[in-house]
Amino acid sequence: MRRVYVENLGCSKNQVDAEVMIAQLSRDFTLTEDAGEADLILVNTCGFIESAREESVSAFFSLYEANPTAKIILSGCMAERYRDELASELTEASAIFGNRDLSKIGEVVNQVFDGQRVIATPSYADANGDVYERNELFNYPGSAYLKISEGCNHRCSYCAIPLIRGNLRSRPMDQILAEASTLVESGIKELNLIAQDLAAYGTDWQGEGSRFMTLLAALVALPGDFSIRLLYIHPDAFPSELPAFIKENPKVLPYFDIPFQHADTTLLRSMGRMGTKESHLALIKAIRSEIPNAVLRSTILLGYPGEDEEAYSTVIDFLKQAELDWVGSFVYSREEGTRAYDLRGEIAHAEAASEAKRRQKALEEVQRPITESRLSRFVGSEMDILIEEIIEGEDLAIGRSWAQAPEVDGLVVVMGRALTAGSVVRCGITRVNGVDLEAITIEGGAHG
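Going by this note's numbering, the sequence shown opens with residue 204, and the numbers climb by one from there.
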């Protein structure tokens with residue numbers, strides 16, 4: 204069989220797409236981790252912001268230079284958004300393939316190996332015709348992403364996602380439940396629900412409001428020993444009943460990923476978002492009043508047009524009051540086709556981006572001790588740790604607790620013997636080390 208290498212870039216939704224494409228190709232290709240021995244290289248690009256696009260192009264050329272005889276396909280968000288430009292400028296690419304109808308990847312690959320150069324960005328299939336079958340997961344063992352919708356109906360002024368992935372398309376509920384059951388039966392311990400906004404699930408169906416809580420109740424009712432993590436809930440659409448539901452249903456982790464983006468009211472309105480510093484703090488208070496031990500993660504966008512020192516001070520004050528467990532930040536990228544694109548010119552944007560990077564470093568200095576302080580409450584407690592990676596030659600492993608989402612948060616360094624990747628082990632937390640925790644296994648604590 205021919206061999207295929209995948210370079211996956213960007214978000215977890217892109218990762219699921221890559222996993223789906225590999226499943227579509229599995230009849231004719233085996234997956235390899237060595238790009239140099241591959242017959243086909245799939246570069247699944249990110250097109251969200253400029254730095255991500257630069258990374259995608261750099262990865263493409265690195266892989267092409269490493270194996271110039273392989274067929275190389277650019278897929279994903281950047282390929283979807285900049286099809287014609289990439290086709291013209293990256294003549295080394297055997298194909299440009301979008302991210303909507305992934306069932307077509309096999310046809311594209313067959314054409315490529317027949318000697319054709321293919322430029323294909325097919326539209327979405329019918330909702331019941333979308334493909335989501337996966338036989339290879341790129342997560343560490345025991346964890347998987349479960350996508351519940353595509354696209355987005357929010358129109359944040361800075362965001363190109365609707366341009367790339369289109370309007371919201373909620374997956375049929377029975378498909379999601381069937382996939383969740385299959386994943387759990389295969390040994391998955393942690394289902395990470397993903398979408399541009401989980402709470403928007405079902406709002407695209409005629410005459411329907413959000414069906415997210417209905418979906419969540421159905422997922423909780425599935426048999427098996429597993430947990431559910433919720434990733435990305437838009438604060439303007441946050442279901443008020445969610446904290447109480449999580450409190451009563453321990454399968455759902457009390458982990459809330461809420462991208463506030465900023466705290467200055469004027470900037471938030473320009474961004475197309477409805478919140479304020481006060482409403483953000485009220486939501487955090489409501490969650491913690493229901494679940495005092497809840498973990499909250501957010502992202503902050505810096506350098507958006509109009510952000511002055513006063514607006515920046517507002518977001519720093521918000522972070523100090525909010526005491527969020529985890530905070531990520533990114534610098535505003537001026538994206539063609541978005542409403543914010545014309546708010547300032549390229550020269551002014553370059554100057555603002557430089558200042559935003561300075562502010563980003565200062566924000567990280569403010570947030571780091573808050574995160575360390577929040578982590579300290581776990582010291583002396585017992586936690587279930589999902590073991591991800593064994594340190595060879597050492598009685599050590601790397602894992603995550605319920606308080607840490609894959610890839611974006613800190614980790615747990617576990618001391619213990621005979622540990623297995625993908626298992627869940629009961630551990631005692633001994634100390635905080637930066638943004639990580641250290642732990643020791645409790646005798647008889649392994650349970651899956």
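For every residue, glycine included, the Cβ atom is placed at its ideal position computed from N, Cα and C.
(request) Decide yes or no for the touch test of the segment 381 to 391 against the segment 440 to 460: beta carbon pairs closer than 8 Å, at least 3 of them. (result) no
(request) Pick helix, strand or coil for V611, following the three-state DSSP scheme. (result) For the purposes of this step, residue 611 is taken as residue 408 along the sequence shown, with counting starting at 1. V611: coil per DSSP, three-state reduction.
(message) Give me the residue from Y507, A606 and I244 with the minimum Cα distance to R500.
(response) Within the sequence shown, the letter at position 297 stands for residue 500. Nearest of Y507, A606 and I244 to R500, Cα basis: A606.
(request) Measure the CB-CB distance between H357 and D400 and report whether it falls below 8 Å. (result) For the purposes of this step, residue 357 is taken as the residue at position 154 of the sequence shown. For the purposes of this step, residue 400 is taken as the residue at position 197 of the sequence shown. The answer is yes: Cβ separation under 8 Å.
(message) In the DSSP assignment, the alpha helix (DSSP H) including G309 goes from what residue to what residue?
(response) On the sequence shown, position 106 is the one that residue 309 refers to. G309 -> alpha helix (DSSP H) spans I308 to F316.
(request) Could you spell out where the alpha helix (DSSP H) holding P365 opens and where it closes? (result) Taking the first residue of the sequence shown as 1, we reach residue 365 at position 162. Looking at the DSSP string, the run of the alpha helix (DSSP H) that includes P365 is I364 to R368.
(request) Can you give me the Cβ contacts of A497 inside the same chain, cut-off strictly under 7 Å, excluding the 5 residues immediately before and after it? (result) As a position in the sequence shown, residue 497 is number 294, starting the count at 1. Counting only Cβ-Cβ distances below 7 Å, and skipping sequence neighbours, we find P457, F459, I490 and R491.
(request) Can you check DSSP and say which residues form a bridge with T248? (result) As a first step, residue 248 is located in the sequence shown; it is residue number 45 there, counting from the start. For T248, which the question treats as bridged, DSSP gives the partners G279.
(request) Taking 8 Å as the cut-off, decide whether the C-beta atoms of F521 and T502 are in contact. (result) Position 318 of the sequence shown, counted from the start, is the residue given in the question as residue 521. Position 299 of the sequence shown, counted from the start, is the residue given in the question as residue 502. Cβ distance not < 8 Å, so F521 and T502 don't count as in contact.
(request) Could you have a look at D520 and say whether DSSP puts it in helix, strand or coil? (result) On the sequence shown, residue 520 is found 317 positions in, with the first residue counted as 1. If DSSP states are grouped into helix, strand and coil, D520 belongs with the helices.
(request) Using three-state DSSP, classify Q464 as helix, strand or coil. (result) Against the sequence shown, residue 464 aligns to sequence position 261. Three-state DSSP puts Q464 in a strand.
(request) Could you check the C-alpha separation between M204 and D231 for me, to the nearest Å? (result) Taking the first residue of the sequence shown as 1, we reach residue 204 at position 1. Taking the first residue of the sequence shown as 1, we reach residue 231 at position 28. Approximately 6 Å between the Cα atoms of the pair.
(request) Measure from the alpha carbon of Y544 to the alpha carbon of each residue in R629, A363, K274 and L418, then state which is nearest. (result) Within the sequence shown, the letter at position 341 stands for residue 544. For the residues R629, A363, K274 and L418, the minimum Cα distance to Y544 belongs to A363.
(request) Look at the alpha carbon of K564 and the alpha carbon of L445, and state the distance between them as a whole number of angstroms. (result) Locating residue 564 in the sequence shown gives position 361, counting from the first residue. Locating residue 445 in the sequence shown gives position 242, counting from the first residue. Between K564 and L445, the C-alpha separation is close to 33 Å.
(request) Taking only the alpha-carbon atoms, compute the straight-line gap between E310 and D304 and give it to the nearest angstrom. (result) As a first step, residue 310 must be located in the sequence shown, where it is residue number 107. As a first step, residue 304 must be located in the sequence shown, where it is residue number 101. Answer to the nearest angstrom: the Cα atoms are 11 Å apart.
(request) Indicate whether E393 and G332 have their beta-carbon atoms separated by less than 8 Å. (result) Counting from 1 along the sequence shown, the entry for residue 393 is found at position 190. Counting from 1 along the sequence shown, the entry for residue 332 is found at position 129. No, Cβ-Cβ distance for E393 and G332 is not below 8 Å.
(request) Give the secondary structure of I436 by DSSP, where H, G and I count as helix, E and B as strand, and everything else as coil. (result) As a first step, residue 436 is located in the sequence shown; it is residue number 233 there, counting from the start. Correct three-state label for I436: coil.
(message) For A273 and I244, which I take to be in contact (beta-carbon distance under 8 Å), what is that distance rounded to the nearest angstrom?
(response) By 1-based counting over the sequence shown, the position of residue 273 is 70. By 1-based counting over the sequence shown, the position of residue 244 is 41. About 5 Å; that satisfies the 8 Å criterion.
(request) Please work out which residues of its chain come closer than 8 Å, Cβ to Cβ, to E382, disregarding the five sequence neighbours upstream and downstream, and give them in chain order. (result) Indexing the sequence shown from 1 puts residue 382 at position 179. So the qualifying residues of the chain are Y335 and L349.
(request) Would you mind listing the alpha helix (DSSP H) stretches within the segment 396 to 428 that are 4+ residues and don't spill past its ends, in chain order? (result) 415 to 423
(request) Out of N217, S265 and S278, state which residue places its alpha-carbon closest to the alpha-carbon of A238. (result) Taking the first residue of the sequence shown as 1, we reach residue 238 at position 35. With distances taken between Cα atoms, A238 lies closest to S265.
(request) Provide the residue span of the alpha helix (DSSP H) that contains V387, from first to last. (result) For the purposes of this step, residue 387 is identified with residue 184 of the sequence shown, where counting begins at 1. Counting along the chain, the alpha helix (DSSP H) containing V387 begins and ends at M376 to E388.
(message) As a quick exercise: from E210, G427 and I351, pick the residue whose alpha carbon is nearest that of S384.
(response) Stepping through the sequence shown from its first residue, residue 384 is reached at position 181. Taking only the C-alpha atoms, the option nearest S384 is G427.
(request) Below 8 Å CB to CB, which residues in the same chain sit around I643 once its five sequence neighbours on both sides are set aside? (result) Reading the sequence shown from its first residue, position 440 is the one you call residue 643. V617, M618, G619, C630, G631 and T633.
(request) Evaluate the contact criterion for the segment 577 to 585 versus the segment 552 to 563: three or more CB pairs, one atom per stretch, below 8 Å. (result) no
(message) Quick check on the DSSP output: what are the complete beta strand (DSSP E) runs of length 3 or more inside the segment 587 to 635, in order along the chain?
(response) 599 to 603 and 615 to 618
(message) For R476, which residues in the same chain have their Cβ closer than 7 Å to its Cβ, ignoring the five residues on either side in sequence?
(response) Numbered from its first residue, the sequence shown carries residue 476 at position 273. The answer, listed in chain order, is C359, D439 and Q464.
(message) What does the alpha-carbon distance come out to for the pair R414 and L396?
(response) In the sequence shown, the residue the question calls residue 414 occupies position 211. In the sequence shown, the residue the question calls residue 396 occupies position 193. Each residue's Cα considered, the two are about 14 Å apart.
(request) Could you check which residue in L566, V627 and S536 has the C-alpha nearest to that of T517? (result) Locating residue 517 in the sequence shown gives position 314, where the first residue counts as 1. It is L566.
(request) Taking only the alpha-carbon atoms, compute the straight-line gap between F316 and Y343 and give it to the nearest angstrom. (result) In the sequence shown, the residue the question calls residue 316 occupies position 113. In the sequence shown, the residue the question calls residue 343 occupies position 140. F316 and Y343: Cα-Cα distance of roughly 32 Å.
(request) Could you check if R472 is buried or exposed, using at least 16 other CB atoms within 10 Å of its CB as the buried criterion? (result) Position 269 of the sequence shown, counted from the first residue, corresponds to residue 472. The residue in question, R472, is exposed, as its Cβ has fewer than 16 Cβ neighbours within 10 Å.
(request) Report yes if the CB atom of L277 is closer than 8 Å to the CB atom of G540, and no otherwise. (result) Numbered from its first residue, the sequence shown carries residue 277 at position 74. Numbered from its first residue, the sequence shown carries residue 540 at position 337. Cβ atoms of L277 and G540: not closer than 8 Å.
(request) Keeping to the same chain, check which residues put their C-beta closer than 6 Å to that of I436; ignore five residues upstream and five downstream. (result) As a first step, residue 436 must be located in the sequence shown, where it is residue number 233. Answer for I436: L401, A402 and I461, listed in chain order.
(request) Using a threshold of 8 Å, state whether the C-beta atoms of M474 and Y361 are closer than that. (result) The residue you call residue 474 lines up with position 271 of the sequence shown. The residue you call residue 361 lines up with position 158 of the sequence shown. Yes, the pair counts as a contact, with Cβ atoms nearer than the cut-off.
(message) Can you check which of these residues, E512, E595, E210 and S626, is closest to A466 by C-alpha distance?
(response) Translated into positions along the sequence shown, residue 466 becomes position 263. If we check each option's Cα against that of A466, E512 comes out closest.
(request) Taking the CB atoms as reference points, tell me whether L486 and A608 lie closer together than 8 Å. (result) Locating residue 486 in the sequence shown gives position 283, where the first residue counts as 1. Locating residue 608 in the sequence shown gives position 405, where the first residue counts as 1. In this structure, A608 does not lie closer than 8 Å to L486 by Cβ.
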